[in-house]
Amino acid sequence: MPSLQTDIRVIGGDLAAAFPSRARHPLKALDAKAMELSSQDQELKAALFRFVDVTPACRSLDDLARHLTGFLEEVDDRPPQLDRAMKMAGSRAGRTALGAAAAAGVRHMAHRFIVGESPRDALGVLRDLWKRGVAASVDLLGEATVTQDEADRYAARCTEAIDELASAYAKFPDRPQLESDSTGPLPRANLSVKVSALTPLLRPEAPEVGERDAARRLRPLLQRARDHGVHLHIDMESLDALETTMQLVFDLLDEPEFADGPSAGIVLQAYLRESPDQLDRILAWAETTARRPPLVVRLVKGAYWDHEVVAARQHGWQPPVFEVKADCDRNFETLTRRLLEARPAVRVAIGSHNLRSVAHAIAVNRELQGDDRDLELQVLRGLGDDLQHALSEHGFRVRTYCPVGDLVAGMAYLVRRLLENTSNDSFLNEQAKGVALEELLAAP
Ligand SMILES: Cc1cc2nc3c(=O)[nH]c(=O)nc-3n(C[C@H](O)[C@H](O)[C@H](O)COP(=O)(O)OP(=O)(O)OC[C@H]3O[C@@H](n4cnc5c(N)ncnc54)[C@H](O)[C@@H]3O)c2cc1C
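In my numbering, each residue carries its 1-based index in the sequence shown increased by 22.
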């Protein structure tokens, strides 16, 4: 389809031209350098990840420096900067200085992706984004709970967040392009939740047990979101949780008390080989439910690729995810088109930092005679900041996913983001390496 490809090039080129200049963000340039170093060397990357993982548990700067040097000793080809750092670890004073620098580094990295320790802390950032024409979805960090008490605490944090976000967003100024599409009004406040944080009983072999337990906590959250006009989005996690998550969302939203709200959504992961069948299932539900607000479907590629591949190989199974990146990207484009064609039964949100995937969605939407406001584009805080800026400058409806919580709760999230940023296959890495725009926008 040559004309579609031309449109993608034009849209992608216009967006790229609106990216803020790196020169104005020296700290971001430094981050990019650190990510580049670790993406080039697998041993260094592993050492960095193990260090990030252990940081919240370290009791002193001395302790932290010992862990850092211990991990780095396993790296054969250390860049000279790291060799110099390791020499500092010979004395106690040197270790304290090294530990402080390393702790500051991890905190700096975390702050790039996490907007505050609590929703209240995050309100300044959320207000700022909104004023600049950017909506948000707040994610309360915490996942894979192991006790009922932990799940209760997560649900209580969600309840508080719904109240806080509803009252804060009510005072924000009007931003018409964020507040309605051709189906009707869109809630200003938006919260993303994870099922594995709402129950410790997620078991792939008995999905109904986790579903029952999570439903006890999700139902009151849906009621509260409905009463306060807040959108509730249910994230998708690893494949183990997929069946429970889908069934939970469908069964709860079908309950008569939710026929008129709240606005709610689910996630489809294009890296899964079975995602076309999962989309069939979502559309079959959306087209037959008696519920009035359309289900929002957020299409992403999927954040658990490394986990799914390793877990399947341990059992000698074929991974449930595509193993060739271009296959995943092509599937993403096919699913994008199918979702856009399925409106108004669903609302479509495209979650990607890949300029090609995003420009493709915008071009297909226009080809289908869709209005730009009937397509939402979503990015992650810290990874999609430049794209977010370019999209809002061009008047698109953009929503930034903003995680909130402390470093301990955020560690799994932080590691996923670092994996994404340092993966050789990732679009962001290609872009950082300076691959030409024409190549970045080529069909997968
Ligand atoms: C707003 C928002 C919400 C999100 N919510 C969720 C969520 O609920 N659940 C979830 O899982 N993810 C979620 N994500 C994360 C998302 O899955 C990743 O950010 C996304 O995969 C990165 O893709 P990309 O298009 O930005 O980049 P690209 O660089 O184009 O794609 C990278 C992705 O390609 C896939 N991939 C990498 N290597 C290969 C390979 N060799 N073969 C096949 N595929 C490969 C992986 O999925 C990898 O993440 C969300 C993202 C956003 C923006």
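For glycine and all other residues, C-beta sits at the position ideal for the given N, C-alpha and C. Computed from a predicted structure; not experimentally measured.
Can you check DSSP and say which residues form a bridge with residue i?
i: E398; result: A371, R419
i: V343; result: L294
i: V426; result: G138, L162
Taking its Cβ as the centre, do 16 or more other Cβ atoms sit within 10 Å of residue i, making it buried, or is it exposed?
i: S218; result: buried
i: R129; result: exposed
i: G456; result: exposed
i: D235; result: buried
i: N446; result: exposed
i: R439; result: buried
i: R114; result: exposed
i: T169; result: exposed
i: D196; result: exposed
i: H255; result: buried
i: E259; result: buried
i: Q410; result: buried
i: L37; result: buried
i: T28; result: exposed
i: G112; result: exposed
i: D299; result: exposed
i: T221; result: buried
i: E233; result: buried
i: E398; result: buried
i: V160; result: buried
i: T267; result: buried
i: R42; result: Residue identity differs from the one stated: residue 42 is Pro in this sequence, not Arg. The residue is exposed, with fewer than 16 neighbouring Cβ atoms inside 10 Å.
i: G432; result: buried
i: G283; result: buried
i: E330; result: buried
i: D302; result: exposed
i: V386; result: buried
Taking 8 Å as the cut-off, decide whether the C-beta atoms of residue i and residue j are in contact.
i: V252; j: L213; result: yes
i: L405; j: N451; result: no
i: T358; j: A383; result: yes
i: G467; j: Y293; result: The structure shown does not extend to residue 467, since the chain is modelled only from 23 to 466, so the question has no answer here.
i: L274; j: A334; result: no
i: V401; j: V420; result: yes
i: L321; j: L377; result: no
i: A40; j: H375; result: no
i: A188; j: A157; result: no
i: P316; j: A367; result: yes
i: E165; j: A434; result: yes
i: L90; j: A124; result: yes
i: I136; j: P425; result: yes
i: A132; j: L436; result: yes
i: A281; j: A312; result: yes
i: W327; j: V346; result: no
i: A177; j: L224; result: no
i: F93; j: A69; result: yes
i: A348; j: P226; result: no
i: A192; j: L145; result: no
i: V319; j: L362; result: no
i: L487; j: C180; result: Given that the chain is displayed from residue 23 to residue 466, the structure contains no residue 487 and the question cannot be resolved.
i: E139; j: D428; result: yes
Tell me which residue opens and which closes the beta strand (DSSP E) that residue i is part of.
i: Q291; result: 286–291
i: D161; result: 157–162
i: R320; result: 317–322
i: H89; result: It is not in any beta strand (DSSP E) - H89 instead sits in the alpha helix (DSSP H) that spans 83–95.
Could you please give the first and the last residue of the uninterrupted alpha helix (DSSP H) stretch that includes residue i?
i: L254; result: Not the alpha helix (DSSP H): L254 falls in the beta strand (DSSP E), residues 253–256.
i: S379; result: 377–389
i: A79; result: Premise fails: A79 is in no alpha helix (DSSP H) and is neither H nor E.
i: A281; result: Per DSSP, A281 belongs to no alpha helix (DSSP H) and is neither H nor E.
i: L261; result: Here L261 belongs to no alpha helix (DSSP H), and DSSP marks it neither H nor E.
i: L459; result: 459–462
i: H329; result: 327–336
i: F449; result: 449–454
Does ligand 2 have a heavy atom nearer than 7 Å to the CB of residue i?
i: V401; result: The ligand content of the structure shown is limited to ligand 1, which means ligand 2 is not among them.
At which residue ranges does the stretch 105–182 contain complete beta strand (DSSP E) runs of 3 or more residues, listed in the order of the chain? If we require 3 residues or more, the beta strand (DSSP E) runs fully inside the stretch 105–182 come out as 157–162.
Of all the alpha helix (DSSP H) runs that stay within the bounds of the stretch 183–241, which reach a length of 4 or more residues? Whole alpha helix (DSSP H) segments, 4+ residues: 198–201, 217–220.
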